[in-house]
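To start, the structure under review is shown below, and the notes come after it.
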Amino acid sequence: KVDGSSTVYPITEAVAEDFQKSKKNAIKVTVGISGTGGGFKKFCRGETDISNASRPILKKEIDDCKAAGIEYMELPVAYDALTVVVNPKNDWIKSLTVAELKTMWEPGAQGKITNWKQVNPAWPDRPLKLFGAGADSGTFDYFTEAINGKSKASRGDFTASEDDNVLVQGVARDVGALGFFGFAYYEENKDKLRAVPIVDKEGKPAVAPSIKTVIDGSYQPLARPIFIYVNAKSADKPEVKEFVEYYMKNAEKLTKEVKYVPLPAKAYDYNLGHFAKRDKGTKFGGENKVGITIEELMKLEAK
Amino acid sequence: MIEINMQETQLPLKAEARNLSFFYGSFQALKNVNMPIYEKRVTSLIGPSGCGKSTYLRCFNRMHDLYPGNRYEGAIDFHPDHTDLLSPKVDPIEVRMRISMVFQKPNPFPKSIYENVAYGLRVRGESARSVIDDKVEAALRSAALWGEVKDRLNEQGANLSGGQQQRLCIARALATDPELMLFDEPTSALDPIATASIEELITELKEKVTILIVTHNMQQAARISDYTAYMYIGEMVEFGETDQVFIKPNKKETEDYITGRFG
Amino acid sequence: MIEINMQETQLPLKAEARNLSFFYGSFQALKNVNMPIYEKRVTSLIGPSGCGKSTYLRCFNRMHDLYPGNRYEGAIDFHPDHTDLLSPKVDPIEVRMRISMVFQKPNPFPKSIYENVAYGLRVRGESARSVIDDKVEAALRSAALWGEVKDRLNEQGANLSGGQQQRLCIARALATDPELMLFDEPTSALDPIATASIEELITELKEKVTILIVTHNMQQAARISDYTAYMYIGEMVEFGETDQVFIKPNKKETEDYITGRFG
Amino acid sequence: MPQPSDRLKKDFSRHFKERVIEAILFLAAFLSVFTTTAIVYILVKESWIFFQHVPLTDFLFDTQWTPLFDDAHYGIMVLLSGTITSSMVALLVAIPLGTIIAIYLSEFAPFSIREIAKPFLELLGGIPTIIYGYFALLFVTPLLQKVFPELPGFNLLSAGMVMGVMIIPYVASLSEDAMRAVPMALREGSYATGATRLQTALRVVVPAATSGIAAAYILGISRAVGETMILAVAAGMQPNLTFNPAEPGATITSFIVQVALGDLPHGSIGYQTIFAAGLTLMLLTLVFNLIGFYMRKKYREVY
Amino acid sequence: MNQQELQALRTMIVAHKRWDMMFGLLGILALMIALMTFTALFADMAINGLGRISWEFLTSFPSRRAANAGILSAWVGSVLVMLVTAVAAVPLGVAAGVYLEEYARKNWVTDIIEINVSNLAGVPSIIYGLLALGLFVYTFGLGQSILTAGLTLALLILPVVIVATREAIRSIPQIIREGAYACGATTWQVVSDHIVPYSSAGILTGVIIGMARAIGETAPIITVGALTFIAFLPPAPFTGEPPAGVFDWLFAPFTVMPIQMFNWTSRPEAAFLANAAAAGFILVLMTLAMNGLAIWLRYRLRKNINW
Ligand SMILES: Nc1ncnc2c1ncn2[C@@H]1O[C@H](COP(=O)(O)OP(=O)(O)OP(=O)(O)O)[C@@H](O)[C@H]1O
Ligand SMILES: Nc1ncnc2c1ncn2[C@@H]1O[C@H](COP(=O)(O)OP(=O)(O)OP(=O)(O)O)[C@@H](O)[C@H]1O
Ligand SMILES: [Mg+2]
Ligand SMILES: [Mg+2]
């Protein structure tokens with residue numbers, strides 16, 4: 001039984017589908033989407049074997065799990081590259097620095113920064129319309145932390161939606177729009193949107209999001225890992241064990257198929273090792289970390 | 001066919017049914033009815049239950065138009081302007097504005113007594129409070145109800161007793177000064193006193209309007225009407241002056257019916 | 001108080017109202033009514049509209065129980081078992097099973113003609129088709145409706161003419177062999193032939209059941225009833241044998257009422 | 001026949017049966033009270049925790065709603081304004097249209113049209129709300145923008161309007177039933193005085209059916225207040241304190257759904273806000289309903 | 001009436017009829033707005049989704065490949081959940097409506113119930129989900145099952161059914177009740193022989209509207225634990241290994257149509273959007289089919305009952 005984030009869902013669904021087929025339906029896998037938070041709630045009550053998570057497990061949830069005596073393994077499964085997009089008719093943006101994004105998005109910008117000109121005097125006098133993920137989502141947490149330096153610190157007057165397709169529509173319609181969402185949505189709507197290369201720090205080159213740049217770690221800081229958490233007790237059950245192993249072996253291929261960015265092949269090997277060793281607990285200490293590359297992540301995981 | 005025998009054929013007509021047939025879907029409820037209605041006279045319609053009296057009456061104000069599947073044949077010629085009441089070209093609303101009706105079962109609106117009576121006036125676009133006040137009072141007086149309800153004009157019409165409700169409906173029909181009034185057993189729910197006052201009222205009204213009344217009470221027919229028609233299973237068996245119909249009917253059937261009751 | 005004068009006081013009673021008062025909320029519609037009802041006799045109730053006849057009648061089958069705020073005082077002693085019909089300890093359903101009622105406005109159920117008549121039997125748990133068939137036919141015959149509807153027993157009751165509907169309701173009330181039957185102006189919607197047959201039926205029924213009837217038609221009261229009560233604004237003004245009440249009433253009011261009509 | 005004296009005794013088995021049935025029916029009716037109590041219990045219990053962190057005055061009087069942000073504000077008025085505005089728009093669409101349709105179907109339309117149109121009308125309530133959401137976003141908003149070029153791409157107006165269309169069946173179908181139940185004798189009485197269809201409809205049928213029509217309205221209003229997805233998709237999820245339908249906004253319900261299915265850890269203060277918001281909504285509908293209840297009591301007509 | 005007066009009368013009637021006409025047009029217009037919206041939405045789903053509708057679509061389980069994905073588990077789940085909902089909500093709603101109209105004395109208890117009922121209609125569906133999670137799943141231990149979901153939706157639509165029932169009952173003329181009571185019927189006999197049959201057309205309207213809403217609900221169902229990927233069906237009675245009991249399916253995990261749809265609409269690939277449209281199309285057809293019986297029944301009933 002798997003439940004949790006809808007962001008991770010497509011990957012797990014793909015794995016579950018193939019796994020179930022390879023077992024000739026002898027093993028029944030189910031996947032739900034009650035959100036990372038909802039997923040952890042069930043996970044920490046021992047109702048699910050595996051929880052999909054678009055962010056690391058947080059303090060509160062660690063405590064809950066501990067209280068219920070649930071131990072778990074944390075396995076990153078893919079990268080979700082947050083892509084900053086603008087309308088294709090927008091001809092004044094070639095790239096954006098993190099600082100510029102911060103000007104637009106920081107809490108102090110609320111009600112003040114409403115025009116492109118205010119961000120950079122070189123830009124035209126046009127209303128600035130912002131689109132982003134809902135404040136409840138891991139995506140939002142990650143973005144705010146990466147850009148504004150503090151999780152959940154953001155201006156409030158932007159159009160939010162849980163459904164990234166809605167954001168796609170919003171940006172595609174408005175020349176003055178800027179938004180961020182998962183890479184896959186950009187990939188599918190390339191004709192309607194334009195991805196903006198991001199300059200991580202002063203002096204670094206502007207990097208456009210792509211599978212390559214994410215994997216090689218040059219697309220920073222907006223690439224975030226997503227996880228599955230496996231209940232340690234369930235891991236002793238043969239069907240769960242087989243499923244997780246199947247997951248790690250096929251993740252690279254299937255991740256690509258559902259348009260997410262896979263981790264490098266060796267990362268999955270690390271995970272398998274981990275899993276075999278029953279290496280329990282989280283490496284994130286109950287909070288989000290931003291801007292880690294795959295390398296760093298593997299190092300973390302290897303600890 | 002019926003024979004019409006009367007003394008004062010020179011009387012002006014108010015309406016005349018000519019070869020009137022009526023169908024509820026495929027069921028023919030009226031068969032080739034011919035009948036004159038004289039102006040400023042009371043014509044009563046008698047006959048056994050289910051013979052088509054109500055059906056006939058409801059042809060005059062095109063009530064049957066409200067239901068699908070109903071069909072008229074023939075004509076009702078309405079004087080003085082010779083409008084054919086049944087012609088599809090004639091607007092049923094115009095017909096109903098000129099011809100008002102009191103139903104067999106009292107049907108007050110779920111409104112106050114006042115508004116029930118004022119309804120016809122409001123429908124005609126009257127809005128002057130004083131005019132309406134006057135007409136409502138006059139109509140209620142004529143319907144012998146004013147005394148009982150003058151202090152509770154704002155109460156619901158449905159709170160009245162059965163007889164009071166029927167008188168309320170009569171007042172409603174009266175308020176708009178119709179040319180022809182149709183009464184479908186108006187006194188069947190009334191006590192003798194109220195009945196007497198309604199009968200008196202009908203006799204008074206004769207001065208101004210023409211009246212066509214369905215009744216089961218043959219004494220009532222004899223008392224108040226100038227002409228009487230006897231119907232039987234959709235056919236007009238006999239029509240004539242009331243005295244003549246009751247005393248010396250032309251048809252055996254009529255005599256049977258009347259004596260079956262009077263004897 | 002009223003004086004009861006009669007010749008055959010030795011007659012068995014079927015019911016007796018004792019100091020019966022009735023209140024619609026705070027409005028007192030019946031005031032201290034005392035009245036005997038003799039077994040296997042027809043008692044008729046006359047009086048002007050709104051005087052409380054229906055209210056009185058509806059006390060007998062506890063119809064008023066259906067509405068909140070209604071209140072009885074006094075008693076109706078029901079013979080032979082001396083049950084107080086109004087006692088809260090007595091089940092109104094038992095009361096209604098023994099006492100059936102025909103209403104002022106015909107109220108057929110929106111069911112087939114057959115089911116309308118069979119309803120009382122079904123309520124009593126009767127389910128044998130043949131028994132019901134027989135009773136339905138008998139009831140419809142008694143109500144002088146069989147001939148008209150025997151071929152359309154499965155049609156809706158509402159498709160009948162007003163008079164037919166009322167006869168249908170009478171058949172419904174008859175089908176269950178009640179001990180006492182209440183009629184609230186049962187013939188006000190009927191034509192003379194049907195009225196005559198209902199009157200005849202009532203006269204026949206007298207052999208088996210006791211009958212209490214409200215009527216506006218004083219001739220009817222005179223024709224069919226053995227006893228007559230005259231009510232006025234909630235009070236029982238006079239009660240006596242019909243002949244005596246009509247020919248030599250004790251009270252001035254009664255005489256006025258009757259002669260105001262007969263004179 | 002048994003002795004009459006036996007017959008009139010209370011029949012105990014029948015009496016007992018009647019009582020049992022009454023008790024069962026009462027339980028069914030009381031279920032609603034039980035449900036409400038359970039809901040209120042849950043809401044109050046969780047809100048209690050919430051209000052220990054957030055002073056009631058902030059909750060009521062703050063003009064910002066950013067419970068999930070780092071700089072958290074809990075001004076419920078913001079969501080309330082969105083809820084009220086969008087519901088008002090919806091009602092301004094649904095009540096006139098629904099009533100007109102009901103009158104038309106009941107009093108004007110030929111039999112065949114009525115019998116065909118009504119089921120299709122009712123299907124309007126069966127279209128998944130997300131489809132309505134996209135309809136508002138992709139069809140109605142651009143259409144409105146043709147008329148009001150200033151209109152932002154996400155706004156309460158188009159969401160409210162589409163929501164109005166969605167609740168038409170509630171208003172129209174139930175009102176039509178109520179009107180149809182008005183006895184023919186009343187219509188005949190009206191037509192016999194020379195009234196037109198419209199006069200009959202407005203002066204006799206509608207007043208006689210008031211109670212049913214009011215019930216239909218109340219259900220419609222409730223449905224509007226409780227609606228979620230349309231607003232989540234088309235209104236922008238942007239917490240603005242505004243009663244201007246031409247602005248984007250967020251409503252209580254869309255907030256609740258978003259958070260309940262989002263990535264937030266359950267039990268955190270951000271998560272707890274949904275209960276406080278839910279409680280507020282419940283109080284709001286209660287006020288509506290109380291008003292409706294007393295109005296109906298006052299104007300109920302009997303025939 | 002002389003010619004002049006007649007002329008005046010006719011002028012007035014023409015004016016009145018103009019209003020009549022205008023209202024008639026307005027009515028058609030309003031109806032058109034509603035029906036066109038429906039048609040547009042439906043046609044849009046049809047255009048986008050029709051290409052995907054095939055036997056395979058109906059008989060396949062969800063898949064990561066849009067072209068292989070189907071709605072078998074979803075539609076089976078929806079049908080079963082609706083079955084539970086109808087079986088629970090209709091009798092409960094009718095019983096409550098009947099109690100309030102025919103039994104309850106008009107006192108404060110009734111008032112409270114009445115306010116409660118309409119108040120519940122405005123509670124957002126997700127709150128019902130939270131309630132059901134606590135109550136059905138944890139307290140009663142019904143699990144994250146078809147039964148739980150069906151009962152949750154039943155609670156959700158109960159107010160509509162109750163209100164429709166009450167209004168339908170109210171429109172029965174008092175004189176009909178009196179006639180029945182006068183025959184010696186008990187309250188229950190009056191209710192079962194008259195009140196419920198004569199109000200069933202109105203009750204059906206409530207059921208139709210309520211079920212249409214229930215079949216499209218997502219949020220509460222997700223909250224009580226509906227799944228998204230599930231590649232097997234609930235056990236049919238007496239099948240499988242070990243043989244399932246008659247009611248085992250009630251406790252099976254499941255998914256429903258709208259969840260599948262929502263999931264697909266939020267996927268990036270355009271092909272999934274077509275799937276969503278196809279699922280929406282089928283969902284509306286299902287609603288129509290589900291309500292078809294009720295609509296037909298109502299049509300029959302309304303023809304027969306006229307006051
Ligand atoms: N709506 C209807 N559909 C079909 N048949 C009808 C309808 N209304 C009346 N009838 C039939 O038409 C015939 C005439 O009915 P009508 O109501 O005119 O009788 P009536 O003479 O007024 O009787 P009553 O004195 O009892 O009121 C009857 O046989 C009746 O059954
Ligand atoms: N439900 C009620 N609430 C209040 N008052 C009522 C109610 N029903 C009747 N009344 C009043 O009680 C009195 C008696 O009414 P009742 O119906 O018994 O008269 P009735 O003698 O039967 O008259 P009718 O011959 O017109 O039928 C009348 O004044 C009437 O207005
Ligand atoms: Mg008639
Ligand atoms: Mg009476």
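Going line by line, the protein sequences match chains A, B, C, D and E. Quick note: the first sequence uses our numbering, first residue 1, plus one each step. Quick note: the second sequence uses our numbering, first residue 1, plus one each step. Quick note: the third sequence uses our numbering, first residue 1, plus one each step. Quick note: the fourth sequence uses our numbering, first residue 1, plus one each step. Quick note: the fifth sequence uses our numbering, first residue 1, plus one each step. We treat Cβ as the ideally placed atom computed from N, Cα and C, and that holds for glycine. Computed from a prediction, not measured in an experiment: that's the story for all the values here.
Out of the options, point me to the one whose CA is closest to residue i's CA.
i, options, result
"G194 (chain D)", "B:P12, B:D184 and B:L174", "B:L174"
"D20 (chain E)", "D:G98, D:V40, D:I103 and D:F51", "D:I103"
"R41 (chain B)", "B:Q244, B:K14 and B:A29", "B:K14"
"F148 (chain D)", "D:L121, D:I130, D:A117 and D:P245", "D:P245"
"T55 (chain B)", "B:S127, B:T210, B:F23 and B:A221", "B:F23"
"I193 (chain B)", "B:I258, B:L145, B:E185 and B:H82", "B:L145"
"K24 (chain A)", "E:A231, E:I162, E:S266 and E:A89", "E:A231"
"R124 (chain B)", "E:L9, E:V284 and E:A289", "E:L9"
"F272 (chain E)", "E:N68, E:R18 and E:A88", "E:N68"
"L41 (chain E)", "D:G220, D:F111, D:P128 and D:I274", "D:P128"
"N107 (chain E)", "C:I76, C:E199, C:P80 and C:P68", "C:P68"
"K31 (chain C)", "C:R71, C:E39 and C:M63", "C:R71"
Considering only heavy atoms of ligand 1, does any lie closer than 8 Å to the CB of residue i?
i, result
"S199 (chain E)", "no"
"K53 (chain B)", "yes"
"N159 (chain C)", "yes"
"S49 (chain B)", "yes"
If I'm right that residue i touches residue j with Cβ under 8 Å, what's the distance once you round it to whole angstroms?
i, j, result
"N52 (chain A)", "G37 (chain A)", "About 12 Å separates the two Cβ atoms, so there is no contact after all."
"P67 (chain D)", "G236 (chain D)", "In fact, because the Cβ distance is near 17 Å, the residues do not count as touching under 8 Å."
"A234 (chain D)", "L137 (chain D)", "4 Å"
"T196 (chain D)", "E107 (chain D)", "T196 (chain D) to E107 (chain D), Cβ: 10 Å. No contact."
Could you check if residue i belongs to the surroundings of ligand 2, using beta carbon to heavy atom distance under 8 Å?
i, result
"D13 (chain B)", "Correcting the residue identity first, residue 13 (chain B) is Leu in this sequence and not Asp. It does not: the Cβ of L13 (chain B) is nowhere closer than 8 Å to a heavy atom of ligand 2."
"E238 (chain C)", "no"
"D286 (chain B)", "Lying before the first or after the last residue shown, residue 286 (chain B) is absent from chain B, which here runs from 1 to 263."
"M231 (chain C)", "yes"
"A182 (chain E)", "no"
"Y56 (chain C)", "yes"
Please determine whether the Cβ atom of residue i lies at a distance below 8 Å from any heavy atom of ligand 3.
i, result
"E185 (chain B)", "yes"
"G163 (chain C)", "yes"
"Q166 (chain B)", "no"
"V214 (chain B)", "yes"
Where DSSP assigns a beta bridge to residue i, which residues make up the other side?
i, result
"W65 (chain D)", "D:Y74"
"T97 (chain A)", "A:V199"
"Q156 (chain C)", "C:S112"
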